[in-house]
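Position 140 of the sequence shown, counting from 1, maps to 140 under this note's numbering, and the rest follow consecutively. Yeah, the Cβ is synthetic: ideal placement off N, Cα and C, and Gly gets one too.
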Amino acid sequence: MLPPPPIRGLFRTDHRARAAYAEGAGIFRILPSAACVPRDREDVASLAHWAAAHRVALVPRGAGSAMGGGNVGDGVIVDLTGLPARVELDPEGRRARAGVSVTLAELNRAADAAGLRLPPDPSSGRWATLGGLLSTNAAGARTVRYGSVRRWIESAEVVTADGEVTELRRGQPPAGRTLAVDRFEAEAAPVIRAAADLVRARFPRTRKNASGYALDAWLESGDLLDLLIGAEGTLGIVTSAVWRLDPMPAARAGLRVSLRALEDVADAVASLLVHAPSAVELLDRTFLELVGETGPEAVLLVELERDDSATAREAVERAAAAVAPWAASVDPGFTAAAAERLWALRHAASPILAGLPESRRSLQVIEDGCVPVERMGEYVRAVREAAAERGLAVVIFGHAGDGHVHVNLLPEIGRTGWEDAVASLLEAVTDALVRLGGTPSGEHGDGRLRAGLLARVYGEEVVALFARVKRAFDPLGILNPGVILPGADAGVAGRPIRRLKVGEHAVALPDDIARALRRIEQRGGYAQPRLELADGLPTHP
Numbered sequence: 001m002l003p004p005p006p007i008r009g010l011f012r013t014d015h016r017a018r019a020a021y022a023e024g025a026g027i028f029r030i031l032p033s034a035a036c037v038p039r040d041r042e043d044v045a046s047l048a049h050w051a052a053a054h055r056v057a058l059v060p061r062g063a064g065s066a067m068g069g070g071n072v073g074d075g076v077i078v079d080l081t082g083l084p085a086r087v088e089l090d091p092e093g094r095r096a097r098a099g100v101s102v103t104l105a106e107l108n109r110a111a112d113a114a115g116l117r118l119p120p121d122p123s124s125g126r127w128a129t130l131g132g133l134l135s136t137n138a139a140g141a142r143t144v145r146y147g148s149v150r151r152w153i154e155s156a157e158v159v160t161a162d163g164e165v166t167e168l169r170r171g172q173p174p175a176g177r178t179l180a181v182d183r184f185e186a187e188a189a190p191v192i193r194a195a196a197d198l199v200r201a202r203f204p205r206t207r208k209n210a211s212g213y214a215l216d217a218w219l220e221s222g223d224l225l226d227l228l229i230g231a232e233g234t235l236g237i238v239t240s241a242v243w244r245l246d247p248m249p250a251a252r253a254g255l256r257v258s259l260r261a262l263e264d265v266a267d268a269v270a271s272l273l274v275h276a277p278s279a280v281e282l283l284d285r286t287f288l289e290l291v292g293e294t295g296p297e298a299v300l301l302v303e304l305e306r307d308d309s310a311t312a313r314e315a316v317e318r319a320a321a322a323v324a325p326w327a328a329s330v331d332p333g334f335t336a337a338a339a340e341r342l343w344a345l346r347h348a349a350s351p352i353l354a355g356l357p358e359s360r361r362s363l364q365v366i367e368d369g370c371v372p373v374e375r376m377g378e379y380v381r382a383v384r385e386a387a388a389e390r391g392l393a394v395v396i397f398g399h400a401g402d403g404h405v406h407v408n409l410l411p412e413i414g415r416t417g418w419e420d421a422v423a424s425l426l427e428a429v430t431d432a433l434v435r436l437g438g439t440p441s442g443e444h445g446d447g448r449l450r451a452g453l454l455a456r457v458y459g460e461e462v463v464a465l466f467a468r469v470k471r472a473f474d475p476l477g478i479l480n481p482g483v484i485l486p487g488a489d490a491g492v493a494g495r496p497i498r499r500l501k502v503g504e505h506a507v508a509l510p511d512d513i514a515r516a517l518r519r520i521e522q523r524g525g526y527a528q529p530r531l532e533l534a535d536g537l538p539t540h541p
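Below, the structure written as structure tokens:
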């Protein structure tokens, strides 16, 4: 039996504590070997030293709301929500240093006092931690104007797999040399630079991409920070970061556009992008039918942010005129309140999906594909047809301005062979993504779910470069093994539709913990400290 790590935080190996961390927001249920809640950066460094000495895998985790399975695993769960939740605001410089346990909502509340915000707005922002946002290169509806979080991160303090601490900074060398940085510069950087043309040719030409390691961004910037962003804790454990902030917009308005045909989506979106929207969201017919909105083939919800209400009104009028040739109807909202009423439709599916019977669960399997905007209609049709061929119900929506499509899969859990049908759908949709020049992850990261798909998307040569990066930063393979790159557990990486939280093969958990984890999933209660579940405390409302 291994000795516990020399930390001041919590370290538990009892079954209830492990069960409380067996699930995240995605499809998996994997019982970890232990759960650890470090108290500070020094604890994280001590934990890394201990893990290296004993060859123990560490699975860094924030609120647990990531979809791809990067927040669960067989090793020791490292719950970073126990780190100091400090925000140091610099209003003059429009910057904030914040610990990774701080949520996006908490950062924006602190920034709001100075009239600032962090513009990317993932739907999980109420509970998602800044560490989780950084680790997946998170995005959201407003990415169409403001990009993913990558462009808003100035630096990150990171504990390496060797237990050393450094700060990776935008436009500057790391704050102090470490073994990991030295290995990368000696063993990986020259090879990647020599393969620059290959990297540029093989990376998807999409507006968003959270798949693989960001070799393209590193080649452009030269900043190791760009490799860390989106690495899902596989290259180091981030403990704090400096974020750029932006002034709050003075006026917000919007549109609701009903489309006659799926084939019109790309042209309609192109006509809207000319007018610099802050968001263009897609609600497909499958979504509209679920919420009782019959008629349109699709609906686009458009948000426009401007410096004053008159300019916002003018922007709405111009955007409405531009999209009219493809629209069955256009409903304007000239104020923030009116736009919010138009956008209420976007939230109508959540209570319906949460209320589904246990025999039909909402699963996130093909949920994050992104294609060039002009191919989005083709991709949506491909998903619809592939699902229908396999008798699987789907609900499709997404960020139309980026060609980014989310899919909620609704299989009948009691149907014989449903897991094989889901696995077959994943294969078919991945084929469509590759054919259309897309990426399997626009903003959620590969996790364990998509690790086995990367060779099909990038080719073996680029995946070999990914592996070289991983070896340089984590030569023992102790940081989140099986995430981004397939690990030894081919049951997850090679055949991802296994070790699920539903179905007859799901690992058994104590009944009260299983019910509590289900309530968290249904209510979006990811802010709940998981050890409270282990100790029998009620779930938060």
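Residue pairing from DSSP places Arg244 in a beta bridge opposite Arg95. Sequence-distant Cβ neighbours of Glu374 in its own chain, meaning closer than 6 Å and more than five residues away, are Ala266. The beta-carbon separation of Arg252 and Ala336, rounded to 4 Å, stays under the 8 Å limit for a contact. Below 8 Å, too few C-beta pairs join the segment 178-198 and the segment 439-446 to call them touching: fewer than three. DSSP, read as helix, strand or coil, puts Phe334 in coil.
Residue pairing of Thr439 in beta bridges, as defined by DSSP: Cys370.
Excluding sequence positions up to five before and after Asn209, its CB lies within less than 6 Å of the CB of Thr439, all in the same chain and listed in chain order.
Apart from the 5 residues on each side of it in sequence, Val102 sits with its Cβ closer than 7 Å to the Cβ of Ala85, Val87, Thr129, Leu130 in its chain, given in chain order.
Judged by pairs of C-beta atoms under 8 Å, the segment 222-241 touches the segment 160-173, as three or more such pairs exist. Segment contact: the segment 154-163 against the segment 234-244, three or more CB-CB distances shorter than 8 Å; contact assigned. Taking C-alpha positions only, Thr81 is separated from Ala250 by approximately 33 Å. Assignment of Ser424 by DSSP, reduced to helix, strand and coil, places it in the helix class. Proximity of the segment 421-433 to the segment 383-391 meets the contact definition, three or more beta-carbon pairs being nearer than 8 Å. Going by DSSP, Phe397 is part of the beta strand (DSSP E) stretching over 393-399.
Contact annotation: the segment 303-318 does not touch the segment 351-363, with fewer than three C-beta pairs closer than 8 Å.
Taken atom to atom, the span from the alpha-carbon of Asp431 to that of Arg456 is near 8 Å.
Annotation: the continuous alpha helix (DSSP H) that includes Glu378 extends over 376-389.
In the structure shown, the three-state DSSP call for Ser258 is strand. The Cβ-Cβ distance between Val165 and Ala241 does not fall below 9 Å. For Gly73, the closest of Tyr379, Ile30, Gly230, Thr294 by C-alpha to C-alpha distance is Ile30.
According to DSSP, residue pairing for Asp223 in a beta bridge does not occur. Excluding its 5 nearest sequence neighbours in each direction, Ala506 has C-beta neighbours in its own chain below 7 Å: Arg29, Leu500, listed in chain order. Sequence-distant Cβ neighbours of Ala451 in its own chain, meaning closer than 7 Å and more than five residues away, are Gly482, Val483, Ile484, Leu485, Pro486, Ala493.
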